[in-house]
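So the sequence shown is residues -29 to -1, 1 to 596, counted in mature numbering (1 follows the signal peptide of the UniProt record, and there is no 0).
Accompanying notes for the structure given below.
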Amino acid sequence: MISGNKTLYKALAGVSVLALIACSEPAVEDDTTTDAAETATEETREAAGEPTVEEAEAFVADAEAKLAEMSERASVIAWTYSTDITPEHEQAYADIDAASTKLSVDLANGTKRFQDLDLPPVLQRKMNILRGGITIPAPSRDGAAQELAQLNTALSSAYSTGKIQFEGETVPQAETELLMRNLTDPAKLEEVWTKWREQAKPSRDEYAQMVELANAGARELGFDDVGQMWRSGYDMDADAFAAEVDRLWGQVRPLYENLQCHVKYKLNEEYGDEIVPLDQPIRADLLGNMWAQQWGSTYPRVKPETPATMTSIDLDALLVEADYTPVSMTETAEEFFTSLGFAPLPETFWERSQFVQPEDREVVCHASAWDLDNREDLRIKMCMTVGAEDFRTVHHELGHNFYQRAYMDQPHLFKNGANDGFHEAIGDMIALSITPEYMQQIGLLDDVPGTEGDLELLMQQALEKVAFLPFGLLVDKWRWQVFAGELTPETYNQGWWDLREEYQGIRPPNERPADAFDPGSKYHVPNNVPYMRYFLAHILQFQFYKAACDQVGWEGPLHRCSFYGSEEVGERFNAMMEMGQSQPWPDTLEMFTGTREMDGSAVIAYFAPLNEWLEEQNADRTCGW
Ligand code: X8Z
Ligand code: ZN
């Protein structure tokens, strides 16, 4: 995952890092280039004082060296801040963030000098990344980068150190998530849910200031706004990308609607018409998650009826009974990767990672994976508890680390995912292989159950993966509207709930105050981590998984396939990963899956038996919202 600082995080998985030294070239926007100049040879360009391909090469080489140096320096400071939030560390972090943003913006402006040159494709690709790869750009005027960094650091710390009062206790952020997972009393759920959002409210104005500054930065670089800049990072036109995510959503939406309908009816049976009226969207605090993004903890309430003779697989309980610890969950995840032929993680990973929440200081608990030296200094930072959710998440995080290591020999600007959805999909694809057979292989289960309980397994997965899809889509639909000025601070919250209702079919448990800032209650908003990557990852991980299962010749139901131990899959997976961002993502996707398109049909194939069952269940129900 990523962290607060958008510009410097080559170190953090999946974020492009552009930071550097002020480039010596003046930032010149040259719109007056003549036809003659365009066709000039290198020599005549040089003679005329025009930039040459040779100079462009030197500019990029210099940029990469400086970016690499800055990224290493900055990530040490970011790590210190994220694992020990103090006023001093916060200031150091804001300062390096500002320096890093300023330099990356200078560098991005420096690319303008070469924009009319006909460059070799690799060089052009690097120029594009330099110009468009800054997540939150500052305008180039003096002081702007520092202002932006102060705002972002304040937003980030406010989130991670946020607390609520509940039943006489002070509850820190990470524990509010556990309460939402474990409580079932609607009144208590509403209380925790609402209090966590009250805590986010004061951030709205700082967020709005951040939006204004970053948009000014994006416009200087030739983009309409930050949202358009984000949408430009996918080897296709920004508008085509927006259409592409809608196309993918169209493929999976019927499946989501079937799941939403079933869950609503089951919650209605549990809570009654007053709390879960059937003609309304579902109350957001009843879905077992602070943001109603993954619904796995509602499983006992919505699960299919199964024969009494059948024993369900409860991964939470299995991990606890087998005395797993945060470190041994991580070792088990690592072992999956080594079974595919990847080298083990370095010793320093185990010495330097944060596995559990420290008791003596404030930290950023939201899980992330780091590569501090762009080579071997890999680490994760988590606040794990033993259970299925963090078992999956640690696979997710190690996916980032193994990807980072796979592409470490790429030039600096290509040390990134083929697109950011790839970075988020790697570890999740591995975790899809946590099947009953695999659990038996690693000693978590004595016997592999027959297929009579497979609807249960599919329901557990659907509550995580299918439930997530519309949420993954809407977070950045909201931000795109914010950056485009279609939503203003006064309408931020209404706009958020309009999208939540439209895509997820959920509603708030109470009327939201006019000045609320509910999107600010989600980590990635105050921390400026783009979110469409997770929507893409929830499509891509099933494509990767299906391709791997085809490679091992799996012929059974897709959800029962585990490619644990397959070095053939490992080799092909590594070949894809070691390309980093060096070529357009369709080329990279084709290497592993044989297709050049992102495609929701693997999701549909995986859940086909469940979908059929959901349709039967829903036959006499009124679905939709
Ligand atoms: O933020 C994450 C990862 C780190 S990149 C833990 N995820 C999203 C979230 O928690 O909201 C993974 C799934 C979606
Ligand atoms: Zn991630």
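C-beta: ideal position from N, C-alpha, C; glycine also.
All of these numbers come straight from a predicted model, not from anything done at the bench.
Cβ-Cβ distance between residue i and residue j below 8 angstroms
| i | j | result |
| --- | --- | --- |
| residue 504 | residue 367 | no |
| residue 581 | residue 426 | yes |
| residue 511 | residue 569 | yes |
| residue 210 | residue 123 | no |
| residue 129 | residue 119 | no |
| residue 160 | residue 256 | yes |
| residue 94 | residue 384 | no |
| residue 132 | residue 56 | yes |
| residue 379 | residue 350 | no |
| residue 307 | residue 401 | yes |
| residue 491 | residue 178 | yes |
| residue 522 | residue 540 | yes |
| residue 464 | residue 487 | yes |
| residue 311 | residue 544 | yes |
| residue 411 | residue 418 | yes |
| residue 611 | residue 553 | This structure gives no information on residue 611, because the portion of the chain shown stretches from -29 to 596. |
| residue 534 | residue 519 | yes |
| residue 31 | residue 97 | yes |
| residue 301 | residue 326 | yes |
Nearest-angstrom Cα separation, counted from residue j out to residue i
| i | j | result |
| --- | --- | --- |
| residue 89 | residue 390 | 25 angstroms |
| residue 199 | residue 184 | 15 angstroms |
| residue 278 | residue 363 | 28 angstroms |
| residue 572 | residue 473 | 23 angstroms |
| residue -2 | residue 107 | Low per-residue confidence applies at residue -2: pLDDT is 38, beneath 50, and the placement is therefore not dependable, though the value from the model is reported in the following sentence. Going from the Cα of residue -2 to the Cα of residue 107 covers about 21 angstroms. |
| residue 204 | residue 245 | 46 angstroms |
| residue 182 | residue 65 | 17 angstroms |
| residue 248 | residue 239 | 7 angstroms |
| residue 590 | residue 583 | 11 angstroms |
| residue 134 | residue 332 | 14 angstroms |
| residue 613 | residue 577 | Shown here, the chain extends from -29 to 596; a query on residue 613 therefore has no answer. |
| residue 399 | residue 37 | 33 angstroms |
| residue 77 | residue 479 | 43 angstroms |
| residue 471 | residue 477 | 6 angstroms |
| residue 24 | residue 82 | 12 angstroms |
| residue 286 | residue 313 | 26 angstroms |
| residue 343 | residue 47 | 7 angstroms |
| residue 461 | residue 322 | 47 angstroms |
| residue 156 | residue 165 | 14 angstroms |
| residue 588 | residue 482 | 32 angstroms |
| residue 225 | residue 375 | 35 angstroms |
| residue 163 | residue 253 | 17 angstroms |
| residue 187 | residue 243 | 50 angstroms |
| residue 53 | residue 126 | 13 angstroms |
| residue 265 | residue 475 | 11 angstroms |
DSSP bridge partner residues for residue i (one or two, in chain order)
| i | result |
| --- | --- |
| residue 141 | 136 |
| residue 339 | 352 |
| residue 86 | Per DSSP, none; premise fails for residue 86. |
| residue 375 | Note: residue 375 sits in no beta bridge, so no partner. |
| residue 478 | 254 |
| residue 325 | 352 |
> Curious, which full-length beta strand (DSSP E) runs of at least 3 residues does the stretch 261 to 299 contain?
Replying inline: none
> Is the stretch 215 to 235 in contact with the stretch 139 to 156, if contact means three or more CB pairs nearer than 8 angstroms?
Replying inline: no
> Taking the runs of the alpha helix (DSSP H) that are 4 residues or longer, which of them lie wholly in the stretch 2 to 55?
Replying inline: 6 to 9, 13 to 18, 24 to 53
>> Counting beta carbon pairs with one atom in the stretch 438 to 448 and one in the stretch 217 to 224, are three or more of them shorter than 8 angstroms?
In response: yes
>> Whether or not the stretch 285 to 301 and the stretch 351 to 360 are in contact is what I'm after, with contact meaning three or more pairs of Cβ atoms, one per stretch, closer than 8 angstroms; do they touch?
In response: yes
>> In chain order, what are the residue ranges of uninterrupted alpha helix (DSSP H) at least 4 long that sit wholly in the stretch 95 to 135?
In response: 115 to 131
> Which residue spans inside the stretch 163 to 192 form an unbroken alpha helix (DSSP H) run of at least 4?
Replying inline: 175 to 191
> Where are the alpha helix (DSSP H) runs, 4 residues long or more, that stay fully inside the stretch 206 to 261, in chain order?
Replying inline: 209 to 242
>> Suppose only complete runs of 4+ residues qualify. What are the alpha helix (DSSP H) ranges in the stretch 451 to 508, listed by chain order?
In response: 463 to 470
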